[in-house]
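Accompanying notes for the structure given below.
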Amino acid sequence: MAEEAGSPPDPSAPSILVMIPTYNDFELLGDIVKSIRAELPNSTVLVINDGSDEPIFRNDIGDECLLVGLKMNMGLGLCMHVAFDHFLRYDYDVLARVDSDGQHPVGSLTKLVQPILQGKASYVVGCRSNRNESRSMRAYLARFVRGYMAFIVSTVTRGWSPEDITSGFIAADRKTVQHLNRQYLERYPEPQMSLAVGRQKLPVESIEIEQLDRAHGVSTITVGQALRFLYRFNINVLAVLMQKGTTR
Amino acid sequence: MKFVVVLFLGGAMLMLVRRNLLQIDLTFPLFAGLVVLGFASMSEGFIDWAASVLNIADAPRAIVLIAIAILFSIITVLAIAHSQLRRRQLMIIRYLAQNELMQQETRAARN
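Those sequence lines, one after another, are chains A and B.
When we follow my numbering, the leftmost residue of the first sequence carries the number 6, and every step to the right adds one.
When we follow my numbering, the leftmost residue of the second sequence carries the number 254, and every step to the right adds one.
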């Protein structure tokens, strides 16, 4: 595994892979990588550039990071699979995800991976306590869509799902990664992942986090994409319902 | 007039194929069926026969319904082909990304 020069790895420490998918959002990338290294010194950071208009330079993120650049924008689902493939190939213990827009509180990473390291959970989701605070029309619409999806996922999994199914601040253990890598994850995969984990009855835990304000860039989810997102979600739920029970 | 319509539809199809929007190898039987149907529908005898086979009172509607069914089949085949290609594309990208990461891991282990 890639380790920082001058800090010999502790062989007994669990290996953690922290993935940062990014699309035209790397103003804060260097700072986020530094914060992750400070929070989880034994972790390996994997930056996945999902076909951004500009390339990411090594100097911006440091030599100790793993960096892979996709030639075109393929969506978050594929980025997750790239991270899963690497995670499984190099026998990491925990996979965590942090977004590159600076909204995820990197200081809560230890809290996020803790339930997995303690064997209490296989999939941990950072539940945004302030996700419903905004009062704009767009925020109301997003809240309605989130509520609808959470209700459907909770019904389909009989309550075996995290509270915030659209949060991207997640951590997973090996068993969960193996299961999720067998799925075909779409462009915005978070609800799909919650659904897959819930159907498999893998132990799920939610931790409270405070989502930070977006410091740079804009959301990639437009109204049109939100409708497609909803369409994909419904199709995915129908596909899951047609599968035969759980495969536990 | 019917002949002009058939020629126009045939031309439009060929244009789609030329622009690589239609995969002719996968849809060929359906494409051929549509062309044959277009020419056959110029014959009154064929229209009456198709209407009697399908139990449709208004004869010209039989041709329209058959054409719609074939078009749906083409769309389905194209959607399947597109999905297969997308999956292959994703597998190739994952393979390439994995190779790139493997090289970085190997380099880091050497250092």
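Every residue, glycine too, gets a C-beta built ideally from N, C-alpha and C.
>> Nearest by alpha-carbon distance to V289 of chain B: which of B:L307, B:A320, B:A304 and B:N308 is it?
In response: Looking up residue 289 of chain B in the second sequence gives position 36. Closest option to V289 of chain B, Cα to Cα, is B:A320.
>> With a threshold of 6 angstroms on Cβ separation, who are the neighbours of L354 of chain B within its own chain once the five nearest residues in sequence on each side are excluded?
In response: Locating residue 354 of chain B in the second sequence gives position 101, where the first residue counts as 1. Excluding sequence neighbours, L354 of chain B sits near nothing in its chain.
> Which value, in whole angstroms, describes the spacing of the CA atoms of N47 of chain A and P19 of chain A?
Replying inline: Here residue 47 of chain A refers to the residue found at position 42 of the first sequence. Here residue 19 of chain A refers to the residue found at position 14 of the first sequence. If you take the alpha carbons of N47 of chain A and P19 of chain A, they lie about 8 angstroms apart.
> Which chain A residues sit within Cβ distance under 9 angstroms of A332 of chain B?
Replying inline: As a working mapping, residue 332 of chain B is identified with position 79 in the second sequence. Result: empty, since nearest Cβ-Cβ is about 13 angstroms, beyond 9 angstroms.
>> 8 angstroms is my cut-off, CB to CB: does R206 of chain B come that close to chain A?
In response: One cannot answer for residue 206 of chain B here, as it falls past the ends of chain B, which runs 254 to 364.
> Interface residues of chain A around Q351 of chain B at Cβ under 8 angstroms?
Replying inline: As a first step, residue 351 of chain B must be located in the second sequence, where it is residue number 98. Those within 8 angstroms of Q351 of chain B in chain A are V87, D90, H91 and R94.
>> Using a Cβ-Cβ cutoff of less than 7 angstroms, which residues in the same chain neighbour L262 of chain B once the five nearest sequence positions on both sides are dropped?
In response: The residue given as residue 262 of chain B occupies position 9 in the second sequence. Once the five neighbours on either side are set aside, the close Cβ partners of L262 of chain B are G291.
> For R102 of chain A, which option in A:K76, A:V87 and A:F62 has the closest C-alpha, if you only look at C-alpha atoms?
Replying inline: Position 97 of the first sequence, counting from 1, holds the residue named residue 102 of chain A. The shortest C-alpha separation from R102 of chain A is found at A:V87.
> In terms of residue numbering, what span does the alpha helix (DSSP H) encompassing T181 of chain A cover?
Replying inline: As a position in the first sequence, residue 181 of chain A is number 176, starting the count at 1. Element bounds for T181 of chain A: R179 to N186.
>> Can you tell me which residues form a DSSP beta bridge with G131 of chain A?
In response: By one-based count along the first sequence, residue 131 of chain A stands at place 126. Paired residues: A:I212.
> On the premise that V161 of chain A lies in contact with L246 of chain A, defined as a C-beta separation below 8 angstroms, what is that separation, rounded to the nearest angstrom?
Replying inline: For the purposes of this step, residue 246 of chain A is identified with residue 241 of the first sequence, where counting begins at 1. For the purposes of this step, residue 161 of chain A is identified with residue 156 of the first sequence, where counting begins at 1. V161 of chain A and L246 of chain A do touch by the CB rule: their CB atoms are close to 7 angstroms apart, below 8 angstroms.
>> Does the region 205 to 213 of chain A come into contact with the region 75 to 95 of chain A, if we say contact requires no fewer than three beta-carbon pairs (one atom in each stretch) closer than 8 angstroms?
In response: no
> For the putative contact between V38 of chain A and L100 of chain A, defined by C-beta atoms under 8 angstroms, what is the C-beta separation to the nearest angstrom?
Replying inline: Start at 1 with the first residue of the first sequence, and residue 38 of chain A comes out as number 33. Start at 1 with the first residue of the first sequence, and residue 100 of chain A comes out as number 95. No, V38 of chain A and L100 of chain A are not in contact; Cβ-Cβ is about 16 angstroms, not under 8 angstroms.
>> Distance cutoff 8 angstroms, beta carbons only. Does L75 of chain A sit that close to anything in chain B?
In response: Counting from one through the first sequence, the residue named residue 75 of chain A turns up at place 70. Yes, because at least one Cβ of chain B sits closer than 8 angstroms to the Cβ of L75 of chain A.
>> Let me confirm a value: S294 of chain B is counted as buried when at least 16 other C-beta atoms fall within 10 Å, else exposed. Which label applies?
In response: The count along the second sequence starts at 1 and reaches residue 294 of chain B at position 41. Classification for S294 of chain B: buried.
>> For chain B, check one thing: does any of its Cβ atoms lie closer than 8 angstroms to the Cβ of L83 of chain A?
In response: Translated into positions along the first sequence, residue 83 of chain A becomes position 78. Judged by the 8 angstroms Cβ criterion, L83 of chain A is in contact with chain B.
> Which ranges does the beta strand (DSSP E) cover as unbroken runs of at least 3 residues, wholly within the region 46 to 93 of chain A, from first to last along the chain?
Replying inline: You should have 49 to 55 and 71 to 75.
> Between the beta-carbon of S211 of chain A and the beta-carbon of E168 of chain A, is there less than 8 angstroms?
Replying inline: The count along the first sequence starts at 1 and reaches residue 211 of chain A at position 206. The count along the first sequence starts at 1 and reaches residue 168 of chain A at position 163. A contact, by the Cβ cut-off of 8 angstroms.
> What is the DSSP secondary structure of M142 of chain A, reduced to helix, strand or coil?
Replying inline: By 1-based counting over the first sequence, the position of residue 142 of chain A is 137. Here M142 of chain A sits in helix by DSSP.
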